[in-house]
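Q:
In mature numbering (1 follows the signal peptide of the UniProt record, and there is no 0), the protein residues as written are -28 to -1, 1 to 871.
Next up, the structure:
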C-alpha cells in the first residue's frame, strides 16, 4: 500500500484530518493517511489573555463568577470565554447573569475577532455605554439587556455593520432605559433580529419606524413596553421584505391598524397586545398576507366585526393562519361563517368582547383546533354538540355569554371526540342535570361550570375526577347534598370554589397540602369546624372563605401550619367564643374578616404589630374591652362596627401610615376625638393599593355605611377614605386638625355627645362626599366654608343646637330640609323661616335688632311681591303672548267670546 503525502495549508489539513477521523469512526476507509496524528487543543493568544485579565480587573465580582479566569489557557476553562478551534482567538464572551459591577474596560477592543458579546444582567451603575463598542466591527451578536447602563446610546453603535442580532431587553429588571432617538439603527445593514423591551422610546416616537424600515435584512422586530405613542399608518415605501416576526406590544399607540402591513408579505407572526389599537380591523391591512400564521391583538380597543379580517385571511388559496387571538377588545357584530375556511386554525380566542348572534356551525370545520375561547360575549341562540363533534384535537374549551342567552343543547348520550385539559363554561343555560359527557374527559386539569343553573346532587364520579384536577369551580349554581368527608385535588396550588350553592352537612376535612384556594361561602353548611381542620403538614392554603353558612362553635386553635394563609373569611356564621391568638399571629395574613358572628372577648389584643395585614373586619360581634393598640405599616382598613368596645380612641391609630377606612360606629366609646387624627397620612393621599390584584382575584369586599346606605365595596375599596364614629358616646369638640384630611370621602360623627362649633376651615376637606354630624350638641353657625366642598352630596346636621343663616351657595341649594331639623336657631333657604327667629333682649338699647326685623319684614314682603309679579308676568304672557303670536288661536278665542 502506498501512502500519499500532500502538503496542505494548516486549516485544510486539520479539516481533512477531522474527516478522516470521522470515516474511521464510522467504519469507512481511506488511503490518504494511514495513521493520522492525535488532535491537539489550540491555546489562547497571549495578547487576548492579557486583555481578558484587564477586563476582569475593571469589574467588581462579588459572587466570584470570574474566579476561573486564572492560568495561561483562557480557551479551555475560563467561564464565558470561547475561542476558535483553529486560531485560538477569542470569538465569544458571555458574561450574562454574572452580577458584575464596575467599568467596562476598553481592552475589549483588543479582542479583534470577537463576534459574540453578552453583557446582560450585570450592573454598570447607570454609566454611559462606552463609545468604543462601536469600533468592534466583528460583532455579530450584542446583548446588553438589563445591564443597567444609563445616558444615551452612542451613535457609534451604528458602525457595527456586521451585527446580526441586537438585544436591549430591560423587561426583567427594575430600571427603565431611555433612548432619545433610533436613527443610528438604520446603519446596521446586516441586522436580522432587533429586540428592545421596557426601554423608554417616547422621545423617538415620531421617527422610530422610518429608522427601522431601513433594515432590508430584518427578520424579527420586537419593540415591547417602550412607551411609543405613534404608529404611522402609511410609509412611502416598505423595506420589510424579510420580516417574519413583529411584536409591538404594550405601547401607547391609540391608533388604527396600519395598512402598510399588507406589504410585509413575508410576515408570519404579528403581536400587538395592550397597545391602544382602535376602530375596525381593515381587510386592506391583511391582503396578500398568505404566510401569516399568528395574530395576537389581545387587550386593545378594537371594535366592529371580524368579517373583514376573516374574509381577507380566507381568500388565500392555502391560508396558513394558525392563531387568531383577539381577547379583551370591544368587538361586536357576528362571527362570520367564513371562519370555517381557515382550515389550519388551531387557536381561536375571542373572549371578553361584545360579539353577538349565534355561534356559526362552520366552526365544526376547524378540525385542527386545539384552543377555542369564546366566553364573555353576547351570544344568543343554541350551540349543539354538532358544533364540536369534529374537533378531535381540542384541549381547551371556554364558552360563555354575558347576557346569559346562550343555550348549550348537548344530548344526554353525547360522547365527545376530544379529551380536554381545560374546560370553562360560564353564564350559559345547560339544563338542570350535571353534564354527563364531562365524565369522559379523563385528562382534565381545570373544570369550571359557574352560573350555569345546574341543580341536584353531584354525581359521585365528580369527586373521583377531582383528585386529578388542579382547579375545580362549580360556584353560583343550585347544587345540593353533602360534600365528601375529604376534599382532595392534585397540584401544589390547587383551587376549589363551591360557593353560592345549596350544599349541606358539615365542613369536609381538607387535603390542605394540595389546596391553595378554597371557597365554600354562601351554602347551608352547619355544625362545628373540625378541630384538626388546619392540623396538616405542609399547608399551602392562601385563601379560605367559609362565610355565609350556619357554622357554630369555636374557631379551631391549631393554626401552626397556616404560615402561607393570606385571606380568611368566616363572616356571617354563628361562631362564638374568642378569637384564637394563633390566628392573629399568622405571619402572612393580609385580610381577616370575622364579622356578623357572636364572637366575644378582646380580639388580637396581644398583637403588638401586624407584618402584612391590610384589612381587618370584626364588625357585628360581641367584642368588648378597649380598642386594641395595633401597629402595622400595611393596615389600610379597620372595621369594628357594632360591638361593645369602650374607652377612648387610642392615639396609636394616628401612627398607621396607610389607614384610610376607620369604622368604629355603634360601640360604647367615650372621650374626645384625638387631635392627632388630622395627621393620619392615609387619609391625606390617594392610595395605590398594593393588594389590588389580590382583591380582584379573590373578590374581597367590605360592607360600609356611606351616605346613609349600607354599600358593598370590593375593588373600589382602596379609593374610599372614610371615618365613621357614629353611635358612640364621644364628647368634646371636633378637632380643628381634622380638616387636614383633604382626601376624606366620608365623615360620620352622628349620635355622640360632641359639642362646640363646627370648625370654620371645614372647607379644606375638598374630597368629602358624605358628612354626618347629627344627634350631637354642636352649636354656633354652619361654616360657609362647607359650601366650597364641591364633592359633598350627603350632609346631615340634624338635632344639634346650630343657629344662624344656612349657607346659600352651591350644593346647599339642593339639600333636603330634613338635614337641618332639630336646630330651631337655623333660618334661610330651604327652610320656611327666612329670618332670624330670635328676639332681642328687652333691656338691650342697641338698634340692630330693630333694623334686623325691618330687613326681615322687607325681605319677606319683597319675596311675596316678587312672586306675585312674576306669577302675573308669566300668566299674562302665557295667555296673551300666545294669542298675539298665533293667529288661529286668536280667532278661535274671539269667536268663543262672541266678538
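For every residue, glycine included, the Cβ atom is placed at its ideal position computed from N, Cα and C.
Where in the stretch 48 to 136 do unbroken runs of the beta strand (DSSP E), each at least 3 residues long, occur, reported from the N-terminal end onward?
A: 53 to 55, 62 to 66, 88 to 90, 113 to 115
Q: Please look up how many angstroms separate the CB atoms of residue 328 and residue 350, rounded, as I've assumed it's under 8 Å.
A: The residue labelled residue 328 in the question sits at position 356 within the chain shown. The residue labelled residue 350 in the question sits at position 378 within the chain shown. Correct: roughly 4 Å between the Cβ atoms.
Q: Which residues in the same chain have their Cβ closer than 6 Å to the Cβ of residue 521, if we skip the five residues on either side of it in sequence?
A: Walking along the chain shown from the start, residue 521 turns up at place 549. Around residue 521: 495, 497, 545.
Q: Consult DSSP for residue 356 and reduce its assignment to one of helix, strand or coil.
A: Position 384 of the chain shown, counted from the start, is the residue given in the question as residue 356. In the structure shown, residue 356 sits in a strand (DSSP, three-state: E or B).
Q: DSSP state of residue 782, grouped into three classes?
A: Taking the first residue of the chain shown as position 1, residue 782 is located at position 810. Here residue 782 sits in helix by DSSP.
Q: Let me know if residue 41 comes out buried or exposed under the rule of 16 or more other beta-carbons within 10 Å of its beta-carbon.
A: For this step, residue 41 is matched to residue 69 along the chain shown. By the 10 Å Cβ count, residue 41 comes out buried.
Q: Along the chain, where does the alpha helix (DSSP H) that runs through residue 182 open and close?
A: As a first step, residue 182 must be located in the chain shown, where it is residue number 210. Where residue 182 is concerned, the enclosing alpha helix (DSSP H) stretches over 180 to 184.
Q: Are the stretch 776 to 794 and the stretch 704 to 711 in contact at 8 Å, needing three or more beta carbon pairs?
A: No: fewer than three Cβ pairs fall under 8 Å.
Q: Check whether the stretch 55 to 63 touches the stretch 15 to 27, counting contact only when three or more Cβ pairs, one atom from each stretch, lie closer than 8 Å.
A: yes
Q: Taking the C-alpha atoms as reference points, what is the distance between residue 255 and residue 155?
A: Locating residue 255 in the chain shown gives position 283, counting from the first residue. Locating residue 155 in the chain shown gives position 183, counting from the first residue. So the two alpha carbons sit approximately 32 Å from each other.
Q: Determine which residues share a DSSP beta bridge with residue 613 and list them.
A: For the purposes of this step, residue 613 is taken as the residue at position 641 of the chain shown. DSSP output for residue 613 lists no bridge partner at all.
Q: Have a look at residue 85 and residue 108 and give me their C-alpha separation to the nearest angstrom.
A: What you label residue 85 is simply residue 113 of the chain shown in a count that begins at 1. What you label residue 108 is simply residue 136 of the chain shown in a count that begins at 1. Approximately 9 Å between the Cα atoms of the pair.
Q: Would you check if there are 3 or more beta carbon pairs closer than 8 Å linking the stretch 91 to 103 to the stretch 122 to 139?
A: Segments in contact, yes.
Q: Reducing DSSP to helix, strand and coil, say where residue 460 ends up.
A: Numbered from 1 along the chain shown, position 488 holds the residue referred to as residue 460. It is coil, neither helix nor strand.
Q: How is the beta strand (DSSP E) around residue 420 delimited, first residue to last?
A: Mapped onto the chain shown, residue 420 falls at position 448. Membership of residue 420 in the beta strand (DSSP E) is indicated by the continuous run 418 to 422.
Q: Would you call the CB atoms of residue 462 and residue 439 closer than 8 Å?
A: Position 490 of the chain shown, counted from the start, is the residue given in the question as residue 462. Position 467 of the chain shown, counted from the start, is the residue given in the question as residue 439. For residue 462 and residue 439, yes; Cβs fall inside 8 Å.
Q: Please say whether residue 679 and residue 766 have beta carbons closer to each other than 8 Å?
A: By one-based count along the chain shown, residue 766 stands at place 794. By one-based count along the chain shown, residue 679 stands at place 707. A contact, by the Cβ cut-off of 8 Å.
Q: Taking the runs of the beta strand (DSSP E) that are 3 residues or longer, which of them lie wholly in the stretch 303 to 348?
A: 319 to 321, 343 to 345
Q: Pull the bridge partners of residue 501 from the DSSP assignment, please.
A: If you number the chain shown from 1, residue 501 lands on position 529. Under DSSP, residue 501 forms no beta bridge with any residue.
Q: If we call anything under 8 Å between Cβ atoms a contact, is residue 480 one with residue 501?
A: Locating residue 480 in the chain shown gives position 508, where the first residue counts as 1. Locating residue 501 in the chain shown gives position 529, where the first residue counts as 1. No. Outside cutoff.
Q: Pull up the distance between the alpha-carbon of residue 176 and that of residue 257, whole angstroms please.
A: Mapped onto the chain shown, residue 176 falls at position 204. Mapped onto the chain shown, residue 257 falls at position 285. Each residue's alpha carbon lies about 24 Å from the other.
Q: Could you tell me which whole beta strand (DSSP E) segments of length 3 or greater appear in the stretch 535 to 593?
A: Note on the stretch 535 to 593: whole beta strand (DSSP E) runs with a minimum of 3 residues are 539 to 541, 546 to 550, 563 to 565, 570 to 573, 587 to 589, in chain order.
Q: Can you list, in chain order, the stretches of the alpha helix (DSSP H) that have 4 or more residues and sit fully within the stretch 638 to 716?
A: 664 to 670
Q: Have a look at residue 164 and residue 57 and give me their C-alpha separation to the nearest angstrom.
A: In the chain shown, counting from the first residue as 1, residue 164 sits at position 192. In the chain shown, counting from the first residue as 1, residue 57 sits at position 85. Residue 164 and residue 57: Cα-Cα distance of roughly 26 Å.
Q: Give the range of the beta strand (DSSP E) segment to which residue 436 is assigned.
A: The residue labelled residue 436 in the question sits at position 464 within the chain shown. Judged by DSSP secondary structure, residue 436 falls outside any beta strand (DSSP E) and instead within the alpha helix (DSSP H) spanning 432 to 438.
Q: Kindly identify the DSSP beta-bridge partner or partners of residue 794.
A: Position 822 of the chain shown, counting from 1, holds the residue named residue 794. Bridge partners of residue 794: none, in fact.
Q: Which whole-angstrom value describes the C-beta separation of residue 111 and residue 80, a residue pair presumed to lie in contact below a C-beta threshold of 8 Å?
A: Here the question's residue 111 lines up with position 139 in the chain shown. Here the question's residue 80 lines up with position 108 in the chain shown. That belief does not hold up - the Cβ atoms of residue 111 and residue 80 are roughly 10 Å apart, past 8 Å.
Q: Excluding sequence positions up to five away, which residues of its chain have a Cβ less than 6 Å from the Cβ of residue 338?
A: In the chain shown, counting from the first residue as 1, residue 338 sits at position 366. Hits under 6 Å: 317.
Q: Work out the CA separation of residue 692 and residue 683 for me, nearest whole Å.
A: The sequence position of residue 683 within the chain shown is 711, counting from 1. The sequence position of residue 692 within the chain shown is 720, counting from 1. Going from the Cα of residue 683 to the Cα of residue 692 covers about 12 Å.
Q: Are residue 404 and residue 372 close, meaning C-beta to C-beta below 8 Å?
A: Mapped onto the chain shown, residue 404 falls at position 432. Mapped onto the chain shown, residue 372 falls at position 400. No. Outside cutoff.
Q: Check whether the Cβ atoms of residue 276 and residue 242 lie closer than 8 Å to each other.
A: The count along the chain shown starts at 1 and reaches residue 276 at position 304. The count along the chain shown starts at 1 and reaches residue 242 at position 270. Going by C-beta atoms, residue 276 is not nearer than 8 Å to residue 242.
Q: Under 6 Å Cβ to Cβ from residue 637, same chain only, skipping five residues before and after it: list those, please.
A: Stepping through the chain shown from its first residue, residue 637 is reached at position 665. Taken in chain order, the residues that qualify are 613, 696, 698, 699.
Q: How many angstroms separate the CA atom of residue 340 from the CA atom of residue 311?
A: For the purposes of this step, residue 340 is identified with residue 368 of the chain shown, where counting begins at 1. For the purposes of this step, residue 311 is identified with residue 339 of the chain shown, where counting begins at 1. Near 13 Å, if we compare the C-alpha coordinates of residue 311 and residue 340.
Q: From this set, 213, 94, 55, which residue's C-alpha is nearest residue 70's C-alpha?
A: Counting from one through the chain shown, the residue named residue 70 turns up at place 98. Nearest option by C-alpha distance: 94.
Q: Can you name, in chain order, every residue of its own chain whose Cβ lies under 8 Å from the Cβ of residue 283, other than the five neighbours on each side?
A: Here the question's residue 283 lines up with position 311 in the chain shown. Only 255, 308, 310 meet the Cβ criterion.
Q: Looking only at its own chain, which residues have a Cβ that is under 6 Å from the Cβ of residue 794, when we skip the five neighbours before and after it?
A: If you number the chain shown from 1, residue 794 lands on position 822. 770, 771.
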